[in-house]
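Going by our numbering, the first residue of the first sequence is number 2, and it counts up by one from there.
Backbone N, C-alpha and C define an ideal beta-carbon position, used for all residues, glycine too.
To start, the structure under review is shown below, and the notes come after it.
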Amino acid sequence: MKFKKPRGTQDLLGKYMEKWRSVEEHVTRILQRYGYREIRTPIFEMSGLFVRTVGESSDIVTKEMYTFNDKKGRKLTLRPENTAPVMRAYLENGLQRQGGISRFYYMGPMFRYDRPQAGRYRQFHQIGAEAIGLSNPAIDAEIINLSLDIYKEFGFSSLQVNLNSVGCMKCRGEFMILLGEKLTEYKSELCDDCLQRAEINPFRVFDCKTCINVKKKLPIITDYLCGECSEHFEKLCAILGGMNVNYLLDPLLVRGLDYYTKTAYEIIHPELGAQNALCGGGRYDGLAGELGGASIPAVGFSAGMERLMQILPDELEEKEVGRPDLYFIVFDDECSIQAMILADKLRSADFEVYVDLSMRNIKKQLKSASVREYDYVVFIGQKEIEDKEVTLKNLKSGNQATVSFEKLVSYFSEKGVTGIE
RNA sequence: GUGGACGUAGUUCAGUUGGUAGAGCCCUGGAUUGUGGAUCCAGCUGUCGCGGGUUCAAUUCCCGUCGUCCACCCCA
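Okay, here's the thing in structure tokens:
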């Protein structure tokens, strides 16, 4: 083969694709249940949208964006995240004029040029939700609860939630100055990476795993929140407590995107290896303003689809079985024509019908039907054509029956999902 | 971007102390001519990731490159 898929991308097919679809359906139901509605924004946007909002100094912007020029020289970027695009769409479509609060969800591919690793891809998929237009911490709690519900749906009831408040532009700005001063003070004790971080984004020093001793001596954001921010944070904690949501306060939690204000949180799965964040989110009250709109409060989260898939068993338990599915076995061209006519009628009645056109011997066809786990096999041979009836076989029980061509559809409708026993 | 392990049939892997390769599964056909996941028999498939070097000879050694996985980093 001459071509391979680009590094860090995946082909989704077979059982994995089935599972993927099923997960998407489950998750969609939960999001809808909370009153969130789907939004689809373009896969690429003007580069400035991300540079401006995610942050010029952020890793995403400095080294991870897939940016290109189109034929008119416009600078475009494959979306590395979807919060900024959703906010852009919100403002561009004038939704703030509708007043109240807008709740969106999305699912789709994101692109980040990063070294592939377990649970990390260059094209990866996020499920996310954004609640725009409300500053009340109750909506922060709703977002956190909603994201947790996604995992609960699949049986994960006690995942670790790390919570923090990173303050607003005002109090974080003041804190940053203080932090910067402290970092200069401890300069000699910092690792090379942190010396850089101290210059570019002092907040990131908290992420360092080697400078543990210095971190202990550094001031903590939550001690320096302004009145509004600390009140917001306390209320949020109280609401979460009241809702029986378990969380861990992590004053060192910092998100990698610059637009976050106040609430920041993430959901961790301890057994996932280095890439253990299932979901991350928070409040981004400054984002709309950054895009040139009015100041609009908002919260959201995004969850990694691949990581959710990773923690789920290969076989998701099947929900209620719908109509039985059928596998047609035919022996020659005349039979196959008749089979396709009947298959069409069944499909119109919403049955899944597979017509085996291989003309292989009956054993092979039957085996194939078994492997594919069809409920029924329908034989059409010369005998059936002459009598204008099919031989029907239940693959689970092995029992057979004869049903005339005209009555095939109604046969199943009348017998319900079980058919012959 | 840094470090480590690995890269052989569709797939999982074995192998050659350097002489161009093999096993299970899968697939195809058959074992009384129209009835299945078992058994048995037969068969198919590979530029041994790609490029270069050393050598009479490389899939086996060396270098580079691409890719996969793991960690750093970052994050979903």
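Output yes or no for whether 9 angstroms exceeds the beta carbon distance between residue i and residue j.
i: Leu149; j: Tyr187; result: no
i: His27; j: Glu307; result: no
i: Cys212; j: Gly287; result: no
i: Leu184; j: Ala299; result: no
i: Leu253; j: Leu164; result: no
i: Leu309; j: Val24; result: yes
i: Leu226; j: Cys172; result: yes
i: Thr264; j: Phe234; result: yes
i: Tyr35; j: Phe105; result: no
i: Gly305; j: Cys280; result: yes
i: Asp251; j: Lys16; result: no
i: Arg113; j: Glu65; result: yes
i: His270; j: Phe406; result: no
i: Gly282; j: Gly129; result: yes
Starting from the C-beta of residue i, find all residues in its chain whose C-beta is less than 8 angstroms away, skip the five residues before and the five after it, and write them out in chain order.
i: Asp71; result: Leu77
i: Met177; result: Pro203, Phe204
i: Arg348; result: Val354
i: Glu82; result: Phe51, Val55, Ile61, Met111, Gln127, Leu258, Ser303
i: Leu313; result: Lys20, Val24, Phe155
i: Val246; result: Ala142, Ile145, Asn146, Leu149, Val162
i: Arg1; result: Lying outside 2 to 422, the shown extent of the chain, residue 1 is not represented and no answer is given.
i: Gly274; result: Ala119, Gly120
i: Glu229; result: Cys169
Suppose the cutoff is 6 angstroms on Cβ atoms and the five residues either side in sequence are ignored; what does the same chain contact list for residue i look like?
i: Tyr355; result: Tyr328
i: Ile151; result: Val28, Ile31
i: Lys236; result: Pro138
i: Val206; result: Cys195, Arg198
i: Ile268; result: Leu160, Val162, Leu279, Cys280
i: Leu13; result: Trp21
Which same chain residues end up closer than 7 angstroms to residue i when comparing Cβ atoms and leaving out the 5 residues on each side of it in sequence?
i: Arg121; result: Asp115, Gln276
i: Asp194; result: Cys209
i: Phe69; result: Leu77
i: Gly101; result: Gly134
i: Leu396; result: Ala370, Ser371, Tyr375, Asp376, Tyr377, Val378
For the beta strand (DSSP E) containing residue i, name the first residue and the last one.
i: Lys394; result: 390-395
i: Glu267; result: 262-269
i: Thr29; result: It is not in any beta strand (DSSP E) - Thr29 instead sits in the alpha helix (DSSP H) that spans 15-34.
i: Leu1; result: Because residue 1 is not part of the residues shown, which for the chain are 2 to 422, the question remains open.
i: Pro110; result: 103-112
i: Ala304; result: 299-305
i: Gln127; result: 124-133
i: Gln401; result: 401-405
Just to check my reading of the structure: residue i and residue j have Cβ atoms closer than 8 angstroms, yes? What is that Cβ distance to the nearest angstrom?
i: Arg89; j: Leu50; result: 6 angstroms
i: Leu358; j: Leu409; result: At roughly 19 angstroms, the Cβ-Cβ gap does not stay under 8 angstroms, so Leu358 and Leu409 are not in contact.
i: Gln401; j: Lys394; result: 5 angstroms
i: Gly9; j: Gln124; result: 7 angstroms
i: Phe413; j: Phe352; result: 7 angstroms
i: Glu291; j: Tyr266; result: About 21 angstroms; that fails the 8 angstroms criterion.
i: Ile44; j: Gly301; result: Actually they do not touch by this definition, with Cβ atoms about 19 angstroms apart.
i: Gly167; j: Val255; result: The sequence shown places Val at residue 167, not Gly. The Cβ separation is near 7 angstroms, so the contact holds.
i: Asp345; j: Asp376; result: Wrong, their Cβ atoms sit about 19 angstroms apart, outside the cutoff.
i: Ala289; j: Leu92; result: 6 angstroms
i: Ile330; j: Ile363; result: 6 angstroms
i: Lys182; j: Val215; result: The displayed chain sequence assigns Glu, not Lys, to residue 182. Contact flag wrong, Cβ pair sits at about 14 angstroms.
If you count every other CB in all the chains shown that lies within 10 Å of the CB of residue i, and 16 or more means buried, which is it?
i: Val391; result: buried
i: Leu179; result: exposed
i: Phe84; result: The sequence given here places Thr at residue 84; Phe does not occur at that position. Looking at its Cβ environment, which holds 16 or more other Cβ atoms inside 10 Å, Thr84 is buried.
i: Ile133; result: buried
i: Val404; result: buried
i: Ser439; result: There is simply no residue 439 to check, as the chain begins at 2 and stops at 422 in what is shown.
i: Phe380; result: buried
i: Gln99; result: exposed
i: Ser59; result: buried
i: Gln339; result: buried
i: Tyr42; result: Checking the sequence, you will find Thr at residue 42 rather than Tyr. With 16 or more Cβ atoms within 10 Å of its Cβ, Thr42 is classed as buried.
i: Tyr107; result: buried
i: Ser48; result: buried
i: Glu232; result: exposed
i: Ile222; result: buried
i: Leu79; result: buried
i: Leu317; result: exposed
Check for me: the alpha helix (DSSP H) holding residue i runs from which residue to which?
i: Cys172; result: 170-186
i: Ala239; result: 228-243
i: Glu291; result: 288-291
i: Tyr91; result: 84-93
i: Ser349; result: 334-349
i: Thr54; result: 48-55
i: Asn137; result: Per DSSP, Asn137 belongs to no alpha helix (DSSP H) and is neither H nor E.
Regarding residue i and the ligand FAD, is the C-beta to nearest heavy atom distance less than 8 angstroms?
i: Cys209; result: Only the bare structure without any ligand can be found here, which leaves the ligand FAD out of the picture.
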